[in-house]
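K.L.:
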Amino acid sequence: MKAADYGAPSVGIKASNGVVLAVEKKFTSELIDEATVSRIEPVTKNVGMVYSGLSPDYRVLVKQARKLAQGYQLAYDDSISPEQLVIRIAAVMQEYTQSGYVLKLLS
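Heads up: the sequence shown begins at 761 in the numbering used here, then just goes up one per residue.
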């Protein structure tokens, strides 16, 4: 599992008035400009995602999460809950993991 070597620790802390997300920026090359890389991305105005693995896999997931959140907003005229978004993203990840012809997100 060579992909795990590229991971960095991330943590989320839930408070009564919000959440704090933190991630270590761990780079394998000196050629990467650390200021241009963000491992925390907003999905909606109330939901964000953080990643610890490979950024191409994460970009696929965050793009899918934004589409799911927008679809939910259009269908129900309400913001998607974090719990619902997690359930739907987990289904996407399972689909990618079990499909032999699709790039595996969980290498």
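All C-beta atoms in this analysis are idealised placements derived from N, C-alpha and C, irrespective of residue type, glycine included.
1) What is the DSSP secondary structure of K786, reduced to helix, strand or coil?
2) Do you know offhand how far S776's Cα is from V803's?
3) Enumerate in chain order the residues of its own chain whose CB-to-CB distance from G808 is below 7 angstroms, with the five nearest sequence positions on each side excluded.
4) What does DSSP give as the partner residues of I773 in its beta bridges?
5) Roughly how many angstroms lie between the CA atoms of Q892 and T796, to the nearest whole one?
6) Counting only runs that start and end within the region 802-847, where is the beta strand (DSSP E) found for 3 or more residues in a row?
P.N.:
Reading off the structure:
1) As a first step, residue 786 is located in the sequence shown; it is residue number 26 there, counting from the start. In the structure shown, K786 sits in coil (DSSP, three-state: anything other than H, G, I, E or B).
2) Your numbering for residue 776 matches position 16 in the sequence shown. Your numbering for residue 803 matches position 43 in the sequence shown. C-alpha separation (whole angstroms): 21 angstroms.
3) For the purposes of this step, residue 808 is identified with residue 48 of the sequence shown, where counting begins at 1. Hits under 7 angstroms: L781, I800, E801 and P802.
4) Locating residue 773 in the sequence shown gives position 13, counting from the first residue. Looking at the DSSP assignment, I773 forms a beta bridge with V780.
5) Look at the range of the chain in this structure, 761 to 867, and you will see that residue 892 is not part of it.
6) Fully enclosed beta strand (DSSP E) runs of 3 or longer: 808-810.
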